[in-house]
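Note sheet for the following structure.
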Amino acid sequence: MSKDIHIRKGSNLNLEGEANKILVDIPVSKTFALNPDDFFNITPKLIVKEGDSVKKGSPLFFSKHNPRIHFVSPVSGEVTAIVRGAKRKILQVIVTSDELNEAVTHEVPNFESLDAEAIKEIILKSGSWPFIKQRPYNTVAQPEDTPKSIFISTYATAPLDVDFNFLLKNNKDDFQRGVSILSKLTTGNVNLSADESFKGFFDSIQDANIIGVSGPHPSGNVGVQIHNVDPINYGEKVWVVNPEDVVNIGLLFSTGQFSAQRTVAVVGSSVNKPQYYKATIGAALQPYLEASAISLEEEVRVINGDVLSGSISSEEGYVGFYNNVVSVIPEGNHFRMFGWLPFVDNHVPSISRTSFSWLFGSKKSKVTTNLNGEERALVVTGEMEKVFPMNIFPMQLIKACLVEDIERMEALGIYEVVPEDFGLIDYASTSKIEAQDIIKKGIELMIKEVG
Amino acid sequence: MSFLRNKIDQIKKPFAKGEKWEKFAPAVNAFDTFLFVPNHTTHKGAHIRDAVDLKRTMVTVIIALLPALIYGIYNTGYQYFIQTGEAFTFLDAFIHGSWKIVPMIIVSYVVGLTIEFIFAIYRGHEVNEGYLVTGLLIPMIMPVDIPLWMVGISTAFAVLIAKEAFGGTGMNILNPALTARAFAFFAYPTYMSGNKVWVSEASNVDAISGETILGSLAAGNDVSYSMLEMFQGSIPGSIAETSALWIAVGALILIYTGVGSWRIIVGGILGAAVMGFLFNLWGANALMSFSWMNHLVVGGFAFGIVFMATDPVSAAQTNKGKWIYGILVGIFCILIRVFNPAYPEGVMLAILLMNVFAPTIDHYVVEANISKRKKRWASTQLKTA
C-alpha cells in the first residue's frame, strides 16, 4: 500500500477565469507548428525541408544528441515554413494540413507479449518518445536508460490548472493501457498520484501505485511528489509522463499510429468563456481563443501553460507539445501611483501579509503581468521556504546556481528540482528575482559539465 | 495623475538608455518609483508576481518603528522637563523631543542616501530601499545629545564600511545601524556613555542624574524606577529604546506582516530570559539579582531583538539557524551586561557578535541537509552494490 503525501507549504492562487467543465469540439485549424523550444535542451536536426509533404507521424526533425528520438508531424500535409531566429536557430516547423488525415501506421503486436526494448522501439519509431521526460533536468528521456520509477501526476495544483478526471473521462481504457505499457519500462513502480479527496477513476487503475496527494500548489508538481516518495540521487533517473500523454501512448498501441491528442483549457481573466477543447498538439491557438471569447479591449498575454511556469505565446501561436492549459491574462504595462505602500492596492493578490488581499480569500482575483516592483538585491529571507515543500534550501541552491558552483549545486539537490518547482518562488519573491531562469541556467550548466 | 505621469516621463527622457545622462538614471528612477510602481512586466519566469516588493517591505518596517519613535520623541522631552523641574505639557515634551531628534533623522538620511545614490550610479544598479530603515534606526539608537556631525560621521562609516565595502544592500555581514552606533561608541565614548548623555541637555543643567538603569546597576547604585516605568519607557536611555510597550507594538506589526522573523524574536527573548533567570539563582551582585523580567524591558534589549537582530541580511537565513541565532543573541546580551561593567548594555555587542557568526550557524544547518542527501545516496549505492 502506498503512502499518501500531505503538503503544507505552498499556496493556491485563487485566480479568475477557471475553465468550466465543458468539452468543446470545434474544427481544427489548417496550420500546425512544432516548436523545438518546447523540448528542453534538444538541438533539432531537420529531416524535412519546405515544400515536403508529410503524413501524420512522419518525422520532422530529430535530436542531434540522440538520433533515435524523432519529433513527428501531428498532421498530414505540407511543410510550408521553417521559421528561424538568430544564428539560424529553428523556432518553428510549420505544417499546413491537407485535411486527409493520412497517417504512418506501425505494426503493433499485443504489448503484453513485448519486452521493454521492443516497447521502447515502437514508441521511438512512432515519434511518441518525446512524451516521456526524465528527471533530473526535465529533458526528453534517454531510451538507453532504465528508470528507477515512473511518475504520472494527475493532481494539478497550478493556478487555473485542468481537472484530469474530467479531461480524461473518455479515455479511461487508453489511459489504463498506457500505464500498463509504461510499467514494463521500469524496474520500480509506476506511481500515479491523484487528488487525495477525490481520486476519481484513477483509483481503479491497475499496474500502478496510486498515491493520494493533498495540499496547496506546488504539491501537484511531479517534482515535489518524487521528492516525497522516491527522491532522486546522483546518477538515478526517474521518468515522468503527463496524464494525457499516457493516453497518447495507450492509443499508439491500439491504433498503431502516432496520437497527438491534446485537450486544452483556455483560462484566465481575459477569457470570457473559459472551457476545454479537443485540440491537437501544434494546432493554431487562434480558433480556440476566438471560441473562448478572449477580451478584445485590453492588451493580453497568451501563455502556453499556467501563469507561473508557462511560456509566452501569442494570439497567432500554437498549442505547445506538453501543456494542457492556455492562459490568457491582461498585460500589466501601466503605472500605479504609490502602489508600493503597504496595505494599498489590495486588489493585487499577495501571499505576503503586507497587503490585506488575503482577507478577500474566497474572492477570485484578477492578475496582470506587472512585475509589481523592480528587481532588487536579495534581502528578505525565509519567504522562499514558505512556498517550497522540499527538504532543500531554495535560496542557497539559487545562489549556488548564480555562482556556477557545480559541486555545491549537486550537494544542495539540483537533481531533484526543475524550474517549475520555483514558480511560486518567482511569484512570491520580494526582490523579484528570476528563480526559474536561474535554476534553468543552472541545469543547463549541469548538463554541459556533468551530463 | 496622468498629467504627473507625462511630466515625469518627459523629465526622464535625457536619462534613458543611450541618452546623455544615462549614467544618472538610478537616481531619477529612485524618485520615479517612489511615486509610481513602474509599468515593468514580466519577461521570463512566472508571468504574474506578488504585490510585495522591497519598498513595501521596508516601509512596513518603518511603520513598525513609528510607535517607538514617537514615544521616544515624547520621552526625550519628558526626561528633560522632569529633571529641570519645569512644568510641562505633553505638547511641550513632544516639541522639545522633535527639536532634538528630527535634525538627527535628517542628517542620517541625507548622509546615508547621498552615499547610496553615489554608489548606485557608480555601480549602475537601482537604489535599494534598505537604507530607508537603516537611516531611521541610526538616530533612534543614539543618545539624544550626540552632536549632529557625529551622527553624520557614524552614518558615513556604517554605510561605507559596513555596507558598500561588502557589495551593498544584501551583502553586508554586520547590521549597518548597529555598526554606526558601535563606531560612535568607540570613537566618542564620552558622548555615548556615562550619566550625562541620556537626558537632553544634561550637561548644561546641574544636579541631573540621568543614568540609565543598567548604568546605575553596573555602578552599584540603586534603581529608582518601577517595573511599570521600565515597561512603558519613561526612563533615560537611547532615544527610542526605552519603551518596551511600544516596541512590542512594532514587534506585533513585524510578526503579523511576516517582515520580521518571529523565530529570532522569540528565540532572543527565550535566551535572555533563561540567562537572566540563571543569574537570578546565582545572585552574587546587584546585576545578577536584577530580575530576569526586568532584564527584558530595560536597556536596548527589546529594541535590539525586535528591530536589529531581525535584519534579514545580517541574521541567520535558515529557519533553524534563526532560532539558534536569536537564542544566542539573548544569552550573550545578558552575559555582557552582567560580566562586563564597561558595557552596561550588551545587546549591541551581542547582536554584532552574532552577525559575525550567523553565516557559520547557517553553514552547519545547510551542511546537515547536505550530509543527509549524501547519506541517502550512499545507502542506495549499498543496495545496488
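Here the protein sequences line up with chains A and B, keeping their order.
According to this note's numbering, the first sequence is numbered sequentially starting from 620.
According to this note's numbering, the second sequence is numbered sequentially starting from 3.
Idealized CB from N, CA, C, for every residue including glycine.
With 9 Å set as the bound, which would you pick, yes or no: does the beta-carbon of residue i sit closer than that to a beta-carbon of chain A?
i	result
Trp325 of chain B	no
Arg375 of chain B	yes
Met310 of chain B	no
Trp23 of chain B	no
Glu213 of chain B	no
Gln319 of chain B	yes
Ala184 of chain B	no
Ile140 of chain B	no
Ala48 of chain B	yes
Can you find a C-beta in chain B that's less than 9 Å from the C-beta of residue i?
i	result
Thr973 of chain A	yes
Ala775 of chain A	no
Phe770 of chain A	no
Gln844 of chain A	no
Asp780 of chain A	no
Leu915 of chain A	no
Met1065 of chain A	no
Asp657 of chain A	no
Ile1025 of chain A	no
Glu1050 of chain A	The sequence given here has Ser at residue 1050 of chain A, not Glu. By this cut-off, Ser1050 of chain A is an interface position.
Ser889 of chain A	no
Glu740 of chain A	no
Thr1000 of chain A	yes
Pro968 of chain A	yes
Ser933 of chain A	no
Spell out the partners DSSP gives residue i in its beta bridges.
i	result
Asp570 of chain A	The structure shown does not extend to residue 570 of chain A, since chain A is modelled only from 620 to 1070, so the question has no answer here.
Ile751 of chain A	A:Val860
Gln876 of chain A	A:Thr724
Arg955 of chain A	B:Val39
Pro906 of chain A	DSSP, once it has assigned bridges, lists no residue as partnering Pro906 of chain A.
Quick one, which of the options has its alpha-carbon nearest residue i's?
i	options	result
Gln711 of chain A	A:Asp1045, A:Pro655, A:Arg1027	A:Pro655
Arg881 of chain A	A:Ile931, A:Ile1025, A:Asn943	A:Asn943
Val667 of chain A	A:Phe690, A:Asn660, A:Ile661, A:Gln825	A:Phe690
Glu721 of chain A	A:Ala813, A:Ser695, A:Asn847	A:Ser695
Arg1001 of chain A	B:Ile266, B:Trp284, B:Ile336	According to the sequence displayed, residue 1001 of chain A carries Gly and not Arg. When each option's Cα is compared against that of Gly1001 of chain A, the closest is B:Ile266.
Tyr756 of chain A	A:Asp1045, A:Thr1049, A:Lys1051, A:Glu1029	A:Glu1029
Ile738 of chain A	A:Glu763, A:Asp717, A:Leu719, A:Val723	A:Glu763
Ile72 of chain B	B:His98, B:Asp55, B:Ile84, B:Phe159	B:His98
Asp717 of chain A	A:Asp734, A:Ile709, A:Pro686, A:Ser648	A:Ser648
Glu1063 of chain A	A:Asp782, A:Ile1011, A:Phe658, A:Arg627	A:Phe658
Glu669 of chain A	A:Val809, A:Ile701, A:Glu934, A:Arg687	A:Ile701
What would DSSP say about residue i, mapped onto helix, strand or coil?
i	result
His689 of chain A	strand
Thr773 of chain A	coil
Ala318 of chain B	coil
Val63 of chain B	helix
Gly670 of chain A	coil
Gly842 of chain A	helix
Glu697 of chain A	strand
Val109 of chain B	helix
Gly924 of chain A	strand
Met620 of chain A	For Met620 of chain A, the predicted structure reports a pLDDT of 44, less than 50, and the residue's modelled location is therefore unreliable. A value from the coordinates is still provided. DSSP places Met620 of chain A in coil when its eight states are reduced to three.
Gln711 of chain A	strand
Lys9 of chain B	helix
His49 of chain B	coil
His98 of chain B	helix
Pro893 of chain A	coil
Ala652 of chain A	strand
Leu679 of chain A	strand
With a threshold of 8 Å (Cβ to nearest heavy atom), would residue i be considered close to the ligand ZN?
i	result
Ile769 of chain A	This structure simply doesn't include the ligand ZN, nor any ligand for that matter.
Closer than 8 Å, Cβ to Cβ, to anything on chain B: give me those residues from the region 940-964 of chain A, in chain order.
Ser946, Ile948, Glu950, Gly951, Asn952, His953, Phe954, Arg955, Met956, Phe957, Gly958, Trp959, Leu960, Pro961, Asp964
Compile a chain-ordered list of the residues in the region 53-70 of chain B whose CB is closer than 7 Å to at least one CB of chain A.
Ala53, Val54, Asp55, Leu56, Lys57, Arg58, Thr59, Val61, Thr62, Ile65
Chain B contacts made by the region 899-912 of chain A, where a contact means CB separation under 8 Å:
none
Short of 7 Å Cβ to Cβ, which residues in the region 114-135 of chain B face chain A?
Glu128, Asn130, Gly132
Listed from N- to C-terminal order along the chain, which residues in the region 254-274 of chain B have their beta-carbon within a distance smaller than 9 Å of any beta-carbon of chain A?
Tyr258, Thr259, Gly260, Val261, Ser263, Arg265
Near-chain A residues of the region 28-41 of chain B (beta-carbon distance less than 7 Å), N- to C-terminal order
Thr35, Leu37, Phe38, Val39, Pro40, Asn41
So if I threshold CB-CB distances at 8 Å, which residues from the region 221-240 of chain B count as touching chain A?
none
Scan the region 341-374 of chain B for residues whose Cβ lies nearer than 7 Å to a Cβ of chain A and list them as they occur along the chain.
Val368, Asn371, Ile372
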